[in-house]
Structure formats: structure tokens, C-alpha cells
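Visitor: So that we are looking at the same thing, I have put the structure below in C-alpha cells.
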Amino acid sequence: MSQEKVLVIADSITVGELAETLKLPVTTLIGELFKNGIVATINQRIDFETATIIVEELGLDVDLQKKEASHTHERKTHQLSEKAVERPPIVAVMGHVDHGKTSLLDAILKTKTVEGEAGGITQHISAYQTVRNNRSITLLDTPGHEAFAALRQHGATLTDVVIIVVAADDGVKPQTVEAIRFAQNANAKIVIAINKIDKDTANSQLVKTQLATEHNLNPEEWGGDTIMVEVSAKTGQNIDKLLDMVLLVADMEELRADVDVPAEGLVIESHMETGRGSVVGLLVEQGQLKPGHFLVAGTAYGKVRTMLDFTGKTLRSAGPSTPVTVTGFKELPQFGDVFTIVKNEKEARRQTDLARIEREKNAASTNVTGADLLKMMNQQHDTQEINVIVKADVQGSLTSVMDSLRLLDTGDMVTLRIVGSGVGNISENDIRLAADGETVIYGFNVELPPAVKRLAMRDKVQVRLFKVIYELLDDARSTMEEKLAPEVVETEVGTLTIKGIFRTLKEELIVGGEVTSGKIVPNILARVKHGDEQLAEVEVMSLQRQKQEAKEVFEGEMCGLSLKTTKKLLLEEGDTLEFFTRELVKRKLD
Ligand code: GDP
Numbered sequence: 050m051s052q053e054k055v056l057v058i059a060d061s062i063t064v065g066e067l068a069e070t071l072k073l074p075v076t077t078l079i080g081e082l083f084k085n086g087i088v089a090t091i092n093q094r095i096d097f098e099t100a101t102i103i104v105e106e107l108g109l110d111v112d113l114q115k116k117e118a119s120h121t122h123e124r125k126t127h128q129l130s131e132k133a134v135e136r137p138p139i140v141a142v143m144g145h146v147d148h149g150k151t152s153l154l155d156a157i158l159k160t161k162t163v164e165g166e167a168g169g170i171t172q173h174i175s176a177y178q179t180v181r182n183n184r185s186i187t188l189l190d191t192p193g194h195e196a197f198a199a200l201r202q203h204g205a206t207l208t209d210v211v212i213i214v215v216a217a218d219d220g221v222k223p224q225t226v227e228a229i230r231f232a233q234n235a236n237a238k239i240v241i242a243i244n245k246i247d248k249d250t251a252n253s254q255l256v257k258t259q260l261a262t263e264h265n266l267n268p269e270e271w272g273g274d275t276i277m278v279e280v281s282a283k284t285g286q287n288i289d290k291l292l293d294m295v296l297l298v299a300d301m302e303e304l305r306a307d308v309d310v311p312a313e314g315l316v317i318e319s320h321m322e323t324g325r326g327s328v329v330g331l332l333v334e335q336g337q338l339k340p341g342h343f344l345v346a347g348t349a350y351g352k353v354r355t356m357l358d359f360t361g362k363t364l365r366s367a368g369p370s371t372p373v374t375v376t377g378f379k380e381l382p383q384f385g386d387v388f389t390i391v392k393n394e395k396e397a398r399r400q401t402d403l404a405r406i407e408r409e410k411n412a413a414s415t416n417v418t419g420a421d422l423l424k425m426m427n428q429q430h431d432t433q434e435i436n437v438i439v440k441a442d443v444q445g446s447l448t449s450v451m452d453s454l455r456l457l458d459t460g461d462m463v464t465l466r467i468v469g470s471g472v473g474n475i476s477e478n479d480i481r482l483a484a485d486g487e488t489v490i491y492g493f494n495v496e497l498p499p500a501v502k503r504l505a506m507r508d509k510v511q512v513r514l515f516k517v518i519y520e521l522l523d524d525a526r527s528t529m530e531e532k533l534a535p536e537v538v539e540t541e542v543g544t545l546t547i548k549g550i551f552r553t554l555k556e557e558l559i560v561g562g563e564v565t566s567g568k569i570v571p572n573i574l575a576r577v578k579h580g581d582e583q584l585a586e587v588e589v590m591s592l593q594r595q596k597q598e599a600k601e602v603f604e605g606e607m608c609g610l611s612l613k614t615t616k617k618l619l620l621e622e623g624d625t626l627e628f629f630t631r632e633l634v635k636r637k638l639d
């Protein structure tokens, strides 16, 4: 019997990493995924189960095993001391698109605004807090399941509770299932919010039946242990009850953290802002973070200059489960990096240097990037193309932008392919589609929501927003032109007939002659010709006229030349030199 090879992978892995692990070409893997109905890019994460299926279908003699996320557990179960205090639960809201995640989050935050406390959200960060019965709840504005997968890879099971939103008029959908899987994998507690119950078409019973029969989530009223709350994000009905349930679930978890230890937590957002420099969202997991602290997160460090809560209010100290925005990082840390506190700048630098070396080592061992892959494919097909996704505010403008873009594509030098289009803001799905590293997203009169922007930054997807069509087209045109290989342009400048040969070495020729047309200058190129036959290409090193260094020699004048050559040439009097310049010129589209 053949011996199966055991390979251990994390519970989610990018297509590129899996290919590397299996020692398979990425394209084979992408092809197999495609056959299974999954359109994936090299940077896309697939979960362990999918990886197992693909390995089976490929008939590989490999036994995939899930790596125990030891780091995760280590972090999750910080050895708590006697003095550990209760901390607010960290809650993520997930669910299928349009089922009401955003509305629900708004509705939850509004309950607090009514108390006149928060005064509305003044800045977009990825986490908020609300208060129910004098207890805080931390809410994560989920930047997409993939981002969460990245967080988990970084060794953090961040969420204690996942609220899964299911629209009562639409039922369980693919992303609902994904959310359930995510929560279960992350060991988070699930609370189902059956939303939109104000609608006539709402059918909560159907949702419950689907969850119970297809996903083994049985509502309490049927003797199960899954909490399901019927809510309306629109009218606010039962939002308080939902929060009560979240707290109830949290109580069963006994969520505690130490505060008398050095602060530690996770980077949940980072971007640059004019005037403020680096603006970094952190979620404190333990300890008390204060202005003046030296932070290290991955390869970035800094001293906390300002620290704000999610409403923009200055904080003097932030304890466990508190989301904050800090300025002062010298460079941007990455989403999902763990931050810790160090004594001083010297220590911060030492640690970031180590982290950098570690990261470079890891990077060196990872596979080709999406961009590399695309380049490889381009080389293979020898075609130049750019892929674009177009989003616009209304159907009319979408049509005209797309029509104008198509006109740019003359089809001969660079092909412009519209791989996606739609009405509405740039979405996570657009970013996912464009994550091959070579697709540009054009937005016309639409927005890039902060959560989506984060994802775009993380996946290095180019999103370009315009309000004027011709500016968008100009940009597309110059992007296409950048794809064109530069043109080699040779310009003839003069000719000379050789009258004397003074030296013919392997690397240098010294000749004299008469300029028969145009002019000669130093540092240009020349073709050496014997009749019609070209003997070599040489470079003019120096030029002399009447034994003097010359900058130019014109038609009818005699001169001496030192030429750089790569081979010994057998020259004869009467041979000619044709002088020319050679430049690389950026090509333009017709
Ligand atoms: P998301 O994609 O999950 O974030 O969904 P949104 O919060 O953007 O909501 C999608 C659509 O459903 C929007 O048009 C909302 O106004 C609507 N919606 C959300 N919650 C409710 C609700 O409780 N009742 C009704 N009638 N509409 C809702």
C-alpha cells in the first residue's frame, strides 16, 4: 500500500499557499476549484474542508490535517490572574448581503444615541461600543469574511459572539451558511437575528426550520439551544432584546481579562490621513493602553500620541475590549497584527527589526503573487490586457462609461476587458473579484465604503473614483498605455567614410575619416558597414577635429574617432560609419 503523505495546514489557507504546500502549479489548483464552482484567485482563502475536497478530487496521495491553532489558544487563554475583571463581549455582525447587517449595526448604535451619549459616529473605524443595562458591548464592523480569516491566521480568535442576520423574507442564503461556519470554526457563540419582521412577506418560521433542519441550529422554543431573536432593524423592534441575549450568551462564557498587565491587543484598521499621519484602529485585549506608551505591532512601532474612542472623544486610558484609534505609529501596521507595549523606542526598534527579518523569511518562502501569475500568463499569451470592473451610480451613467471604455479598446495593442460591472458603491465582492493584482476598479459617482477600502488596501486592489467621465477615460487610457512595451526609436544623424585606420583592438577602434552627411557628436551609436554589409555596432567614445576634442563635426569636415567595440574588426579604407541615436519611447494609443 502506498504511504500517504501527511501535510498539516492551517484551517484556512490561500490558494497560493496551498499550491506551494502541495507542490502543484497554482493554475492547476485554480482550475480544479473552478471545476467545483469556485472562482478563486491566488490570494483567495479557502477553508480546510474545501482544501480537503480539492486534494481528493485531484487524486493526490496526501492526507491533509488541520494545524491546531496553538498560537490562537495561547492568546485566547491568557493566563488570567485572580484580579482579572469582567470585560465586554466582542461581537461581530455577519450574514448574507442585503439581509441588514449595516442597518442592524446602526439600529444598535442608535439605542445608545437616544440616551444622548454617543452623539453619533463621527469617524469610521471598524469597531464601536454600545451600552445596555450599564454594560458595554463591543461591536465589530466586519470587513468581510476573508479579513476575518486573516485575523484568525494571525493567531486571534477575536470574536466572542457572532450575530448572524437572516432576512425573514429571504431565508438562509450562501453567505449565511458561510457565517455559521465561520462562527463555529472561531469557537464563537451564535445568536441569530431574524431581521425584517416588519415586512408582510416575513416568514420567521421558515428561517427557523431551515436553520434547524439544514444546519442543526435548533431554536430554544423547539427545545434546542440556539438563541434566535426576531427583530426589525427598520423599526427598532426587539433590538434591546437582541442585546440582552448577547449579554446572556456572554455571561455563560465568563469573559474576563487582566488590567494590571502591559496592554496588548490587535490592529483592526490602519490608514494614513493628511495632517494626522498614521491612524490606527486597535482593539485592546488586556491591560490599559495610555497615551505615551510605546507600541510594537509587526514591523511597525510608534508612541501613542493621541487616543480616541469611536465617537472621537479623547481617552486617557483604554481597557480590555475597548476599540480605540491612535496616532503616532511611524509606519502603518498591518490589519491583524498583534500589538504589545515596550519600554522605549530602542526596544521597539529591536523588536520590529526582528519582525521584519521574520517576515522577509516568510515572504521568500511563499509562492508567486497574483500579479506574478498574471504576468506569467501574459507572457505566455503574449497579449497585453487590462481588466476593469466598472461601478456607477445609475444605469445610464454605467452604460455610457462602459461604452466609452469599449471605444478605447482598439484591439491591436492592448485589450481592455470589462470583467464586471454594476450599479452601486464599490463592494467587498468587487474587491474579491479584483484581487488578482491586475484588475482596476473604476467607480463613477460612487463611494468606497471604509470597510471595503480596508479590504482593498489589504489585497492591494486599485480602486479609482471619478466624477467626470473624461477624467476616468484619460486614466484608463494612460493605464493601457503603461502596458505597452516602449518603442525603440532610432534616429539617423550622419555618415562618415573611413580614410585612415589607426588602431583595431578587441575593445577599441581608432579611425579617421570625412563626414559625408549630417553631423557627428560623442556618445552616439554607429553601424560599421563594408559596402552593404553591417560588420558591427559601435559607440562613439570621443571625437577629435584637428587634434582637438570636438563636440560636433559637420558634413565635409575631417575627424578622428575613438570607438568602443565588442569584437576585433577588420576594417578597410572606404568602409562607412552610420551614426544614429536610439531611445526608448513610451507608446501612445492611437
Ligand atoms: P447589509 O448588506 O446586510 O448590510 O444590508 P443593509 O443593512 O444595507 O440592508 C439592506 C436593505 O434592507 C436596505 O434597503 C435596508 O433598508 C433594508 N432593511 C434592513 N433591515 C430592514 C428591516 O428590518 N426591515 C425592512 N423593511 N428593511 C430592512
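All you need for this note's numbering is the position in the sequence shown, starting with 1, plus 49.
All C-beta atoms, glycine included, are put in the ideal place defined by N, C-alpha and C.
(1) Leaving aside the five residues before and after Gln-202 along the sequence, list all residues of the same chain whose C-beta is less than 7 Å from its C-beta, in chain order.
(2) Give the straight-line distance between the Cα atoms of Val-373 and Asp-458, rounded to the nearest whole angstrom.
(3) I need the DSSP call for Asp-402, collapsed to helix, strand or coil.
(4) Tell me where the beta strand (DSSP E) around Val-210 begins and ends.
(5) If you draw a straight line from the alpha carbon of Thr-553 to that of Lys-616, how long is it in whole angstroms?
(6) Check Phe-384 in the structure and name its three-state DSSP category.
(7) Check whether the Cβ of Thr-401 lies closer than 7 Å to any heavy atom of ligand 1, and answer yes or no.
(8) Applying the 10 Å Cβ sphere with the 16-neighbour rule, what's the burial state of Lys-245?
(9) Residues in its own chain within less than 8 Å of Glu-541 by CB, not counting five upstream and five downstream?
(10) With 16 other CB atoms within 10 Å as the buried threshold, where does Met-321 fall?
(11) Can you confirm whether the stretch 330 to 349 touches the stretch 274 to 286 when touching is taken to mean that 3 or more C-beta pairs between the two stretches lie within less than 8 Å?
(12) Could you say which of Ile-317, Phe-378, Leu-297, Thr-360 lies nearest to Lys-159 if we only look at CA atoms?
(13) Could you compute how far the alpha carbon of Glu-601 sits from the alpha carbon of Pro-74?
(14) Relative to ligand 1, is the shortest distance from any of its heavy atoms to the C-beta of Ser-32 smaller than 7 Å?
(15) Just tell me which of Glu-582, Asn-265, Val-295 has its CA closest to the CA of Val-180.
(16) My parser needs the alpha helix (DSSP H) runs of 4 or more residues fully inside the stretch 458 to 515; what are they?
(17) Would you identify the three-state DSSP class for Glu-434, choosing helix, strand or coil?
(18) Leaving out five residues on either side along the sequence, give the residues of the same chain with a beta carbon under 7 Å from the beta carbon of Ala-251.
(19) Is it the case that the Cβ atoms of Val-650 and Gly-368 are separated by a distance below 8 Å?
(20) Applying the criterion that 16 or more other CB atoms from any shown protein chain within 10 Å of the CB defines a buried residue, is Val-146 buried or exposed?
(21) Output the distance between the C-alpha atoms of Leu-364 and Leu-357, rounded to the nearest integer angstrom.
(22) If we call anything under 8 Å between Cβ atoms a contact, is Arg-455 one with Ala-306?
(23) Taking its Cβ as the centre, do 16 or more other Cβ atoms sit within 10 Å of Thr-546, making it buried, or is it exposed?
(24) According to DSSP, simplified to helix, strand and coil, what is Val-517?
(25) Is Thr-540 near ligand 1, with its Cβ less than 7 Å from a heavy atom?
(26) Going by C-alpha to C-alpha distance, which of Leu-67, Met-451, Leu-504 sits closest to Thr-101?
(27) Under 8 Å: do the stretch 522 to 533 and the stretch 497 to 509 share three or more Cβ pairs, one atom per stretch?
(28) Does Glu-66 have its Cβ less than 8 Å from a Cβ in chain E?
(29) On the DSSP bridge list, what partners appear for His-320?
(30) Leaving aside the five residues before and after Glu-434 along the sequence, list all residues of the same chain whose C-beta is less than 6 Å from its C-beta, in chain order.
(31) Looking only at DSSP bridge pairs, what is Ile-243 linked to?
(32) Determine the DSSP secondary structure at Gly-314, reduced to helix, strand or coil.
(33) Under three-state DSSP, which class holds Val-538?
(34) Could you check the C-alpha separation between Leu-56 and Glu-81 for me, to the nearest Å?
(35) Give a single yes or no on whether Val-295 has its beta carbon closer than 7 Å to a heavy atom of ligand 1.
(36) My parser needs the alpha helix (DSSP H) runs of 4 or more residues fully inside the stretch 87 to 115; what are they?
Guide: In terms of the structure at hand:
(1) Locating residue 202 in the sequence shown gives position 153, counting from the first residue. Since pLDDT at Gln-202 reaches only 44, below the 50 mark, its modelled position is unreliable, and the value read off the structure follows with that caveat. Cβ neighbours of Gln-202 beyond the five flanking positions: Ala-59, Ser-61.
(2) For this step, residue 373 is matched to residue 324 along the sequence shown. For this step, residue 458 is matched to residue 409 along the sequence shown. Roughly 47 Å between the two C-alpha positions.
(3) The count along the sequence shown starts at 1 and reaches residue 402 at position 353. Asp-402 falls in the helix class under three-state DSSP.
(4) Indexing the sequence shown from 1 puts residue 210 at position 161. Val-210 -> beta strand (DSSP E) spans 210 to 216.
(5) Walking along the sequence shown from the start, residue 553 turns up at place 504. Walking along the sequence shown from the start, residue 616 turns up at place 567. Taking the straight line joining both Cα atoms gives about 9 Å.
(6) Within the sequence shown, the letter at position 335 stands for residue 384. Three-state DSSP puts Phe-384 in coil, outside helix and strand.
(7) As a working note, residue 401 is residue 352 in the sequence shown. For ligand 1, not one heavy atom lies less than 7 Å from the Cβ of Thr-401.
(8) The residue you call residue 245 lines up with position 196 of the sequence shown. Buried: at least 16 other Cβ atoms inside 10 Å.
(9) Your numbering for residue 541 matches position 492 in the sequence shown. Result list for Glu-541: Gly-567, Glu-627, Phe-628, Phe-629, in chain order.
(10) Residue 321 sits at position 272 when you count from the first residue of the sequence shown. That one is exposed.
(11) no
(12) As a first step, residue 159 is located in the sequence shown; it is residue number 110 there, counting from the start. Out of Ile-317, Phe-378, Leu-297, Thr-360, Thr-360 has the C-alpha closest to the C-alpha of Lys-159.
(13) To locate residue 601, count along the sequence shown from 1; it is residue 552. To locate residue 74, count along the sequence shown from 1; it is residue 25. In a straight line, the C-alpha of Glu-601 is about 57 Å away from that of Pro-74.
(14) Within the shown structure, residues of the chain are numbered from 50 to 639, placing residue 32 beyond reach of any answer.
(15) Walking along the sequence shown from the start, residue 180 turns up at place 131. The residue with the shortest Cα to Cα distance from Val-180 is Val-295.
(16) 477 to 482, 499 to 507
(17) In the sequence shown, counting from the first residue as 1, residue 434 sits at position 385. Looking at Glu-434 - three-state DSSP - the assignment turns out to be strand.
(18) Within the sequence shown, the letter at position 202 stands for residue 251. Excluding sequence neighbours, Ala-251 sits near Ala-217, Asp-218, Lys-245.
(19) Residue 650 falls outside the range modelled here, since the chain spans only 50 to 639, and no answer is possible.
(20) Taking the sequence shown and counting its residues from 1, the one referred to as residue 146 is at position 97. Under this definition Val-146 is an exposed residue.
(21) Here residue 364 refers to the residue found at position 315 when the sequence shown is read from its first residue. Here residue 357 refers to the residue found at position 308 when the sequence shown is read from its first residue. Rounded to whole angstroms, Leu-364 to Leu-357 spans 5 Å at the Cα level.
(22) Here residue 455 refers to the residue found at position 406 when the sequence shown is read from its first residue. Here residue 306 refers to the residue found at position 257 when the sequence shown is read from its first residue. Against a cut-off of 8 Å, the Cβ pair of Ala-306 and Arg-455 comes out as no contact.
(23) In the sequence shown, counting from the first residue as 1, residue 546 sits at position 497. Exposed: under 16 other Cβ atoms inside 10 Å.
(24) Indexing the sequence shown from 1 puts residue 517 at position 468. Reduced to three states, the DSSP call for Val-517 is coil.
(25) Position 491 of the sequence shown holds residue 540. No, the beta carbon of Thr-540 sits no closer than 7 Å to any heavy atom of ligand 1.
(26) Within the sequence shown, the letter at position 52 stands for residue 101. Comparing Cα positions, the closest option is Leu-67.
(27) no
(28) In the displayed structure, chain E is absent; only one protein chain is listed.
(29) The count along the sequence shown starts at 1 and reaches residue 320 at position 271. Note: His-320 sits in a beta bridge opposite Val-328.
(30) Position 385 of the sequence shown, counting from 1, holds the residue named residue 434. Same-chain partners within the cutoff: Thr-464, Arg-466.
(31) As a first step, residue 243 must be located in the sequence shown, where it is residue number 194. Partner(s): Val-215, Glu-279.
(32) In the sequence shown, residue 314 corresponds to position 265, counting from 1. DSSP places Gly-314 in strand when its eight states are reduced to three.
(33) Position 489 of the sequence shown, counting from 1, holds the residue named residue 538. Correct three-state label for Val-538: strand.
(34) Taking the first residue of the sequence shown as position 1, residue 56 is located at position 7. Taking the first residue of the sequence shown as position 1, residue 81 is located at position 32. Taking the straight line from one Cα to the other gives about 19 Å.
(35) As a first step, residue 295 is located in the sequence shown; it is residue number 246 there, counting from the start. Result no, Cβ not under 7 Å from ligand 1.
(36) 97 to 106
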